[in-house]
Amino acid sequence: MKTAVLGASGQLGRDLGPRLPGDVVPLTRADADLADPAKLRATLETLRPDVVINCAAYNFVDRAETEPDLAFAVNAWGVRSLAAICRDLDCTLVHFSTDYVFGLDVARQTPFSEIEAPGPVSVYGLSKLSGEYVVRTLCPKHFVLRTCGLYGVWGSGGKGGNFVETMLRVAGQGKPLRVVADQFCTPSYTVDVATAAASLLPTARHGLYHLTNAGSCSWHEFARTIFELAGVKADLSPTSSREYAAPARRPDYSVLATDKFTSLGLPPTRPWRDALAAYLDERRQKS
Ligand SMILES: NC(=O)c1ccc[n+]([C@@H]2O[C@H](COP(=O)([O-])OP(=O)(O)OC[C@H]3O[C@@H](n4cnc5c(N)ncnc54)[C@H](OP(=O)(O)O)[C@@H]3O)[C@@H](O)[C@H]2O)c1
4 MKTAVLGASG QLGRDLGPRL PGDVVPLTRA DADLADPAKL RATLETLRPD
54 VVINCAAYNF VDRAETEPDL AFAVNAWGVR SLAAICRDLD CTLVHFSTDY
104 VFGLDVARQT PFSEIEAPGP VSVYGLSKLS GEYVVRTLCP KHFVLRTCGL
154 YGVWGSGGKG GNFVETMLRV AGQGKPLRVV ADQFCTPSYT VDVATAAASL
204 LPTARHGLYH LTNAGSCSWH EFARTIFELA GVKADLSPTS SREYAAPARR
254 PDYSVLATDK FTSLGLPPTR PWRDALAAYL DERRQKS
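For what it's worth, the working numbering labels the leading residue of the sequence shown as 4, then goes sequentially.
In structure tokens:
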């Protein structure tokens, strides 16, 4: 089996590649640019993969508010081209999406299942939701995998690090940290999401799935736990989304239920706190 991985140099792509069976072909933006459909088609037609896994995305949540065309060029129209190519090549497309397809339901306090109507509150969320729809519409053999709050040792490519690394770096500089305490989700370790995605593929039970670690917390609680587990003293205080005033609105609550995944008899993902401890171990071993 031959699997092509787009976004192979991103934090999820780098953890996914080694967990896949068979012949894995890592593709970077230079090999296959989602914004260049002709080159994308030429690359994939030459490779003739059985499976394409798309870990590539325009991921700049705040910047997307002022450059929606760029976000849509990659996350919607680029993914549309990819889905059509995979359909034409009769291959399976695994596409990653996000909890940011939710947020409109401001009263929400219970995890979202896959059958619930999404409602994004940002350009990024809307562009990713568009990507989901084109994959589900155009490519019969698809897995659309929504995940959330990713962190992995390879950092988040274009963003230069991930939330855990940012917290540890700023605390290490002795600077005060204000982190939102009114946004709840499930921070997820790329190793666990990659392992779960790799276990789902051979089932051929195509469709939309939620794949995150288990449980939920606010970003402030996550930051507090990072410092607790890393044994780092930090000047951390809670703030609100309103006070923080990021350019893009984020969901107040975007916890994803993973029951559909576990109902297939696949091993459930571990709680987010245990996953964070494993991440901190992995980065200690790598340093
Ligand atoms: N990070 C999160 O917290 C989070 C949360 C929920 C869902 N997700 C989703 O999970 C997936 C993986 O995210 P991640 O955190 O691993 O992202 P990442 O580390 O930022 O990696 C994304 C990769 O996409 C590549 N890329 C960007 N634009 C491209 C284009 N036009 N053509 C081809 N490749 C392009 C980037 O390459 P360059 O380095 O060359 O830019 C980068 O290697 C994405 O679908 C994302 O939307 C992420």
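For glycine and all other residues, C-beta sits at the position ideal for the given N, C-alpha and C.
- Relative to ligand 1, even the nearest heavy atom lies 7 angstroms or more away from the CB of G164.
- In the DSSP annotation of this structure, the continuous segment of the beta strand (DSSP E) that includes I56 starts and ends at 54-57.
- Note: T101 is bridge-paired with T150 in the DSSP secondary-structure output.
- Taking the Cα positions, D91 is about 14 angstroms away from V82.
- Contact check for T272 and N216: beta-carbon distance about 5 angstroms, within the 8 angstroms limit, so the pair qualifies.
- Comparing alpha-carbon positions, the option among V258, R245, Y256 lying closest to R181 turns out to be R245.
- The C-alpha of A86 is placed about 10 angstroms away from the C-alpha of K144.
- Checking the 7 angstroms criterion, the Cβ of V138 is out of range of every heavy atom belonging to ligand 1.
- Straight-line measurement puts the Cα of T261 at about 21 angstroms from the Cα of G134.
- Distances from the alpha-carbon of S125 to those of F146, T140, E68 put E68 closest.
- The three-state reading of DSSP puts G20 in helix, counting H, G and I together.
- 8 angstroms or more divides the Cβ of D195 from the Cβ of A280.
- Here the alpha carbon of I118 sits roughly 20 angstroms from the alpha carbon of G218.
- Every alpha helix (DSSP H) of 4 residues or more that sits fully in the stretch 239-282 is shown, in chain order, as 244-247, 262-265.
- By the Cβ neighbour-count rule, P190 is buried, with 16 or more other Cβ atoms within 10 Å of its own.
- Contact annotation: the stretch 149-159 touches the stretch 198-217, with at least three C-beta pairs closer than 8 angstroms.
- By the neighbour-count criterion, in which 16 or more other beta carbons inside 10 Å mark a residue as buried, A110 falls on the exposed side.
- The stretch 227-235 and the stretch 168-186 touch, with three or more beta-carbon pairs separated by less than 8 angstroms.
- Of the heavy atoms belonging to ligand 1, none sits nearer than 7 angstroms to the Cβ of S266.
- L96 sits buried, since 16 or more C-beta atoms from the chains shown fall within 10 Å of its C-beta.
- The beta carbons of G155 and G164 sit no closer together than 8 angstroms.
- At the C-beta level, V8 and L19 come within 8 angstroms of one another.
- The Cβ atoms of L269 and S202 sit closer than 8 angstroms to each other.
- Taking D255 as the centre and dropping the five residues before and after it, the same chain places the C-beta of G106, V109, R111, D185, Q186, F187, S244 closer than 8 angstroms to its C-beta, in chain order.
- Boundaries of the beta strand (DSSP E) around L30: 26-30.
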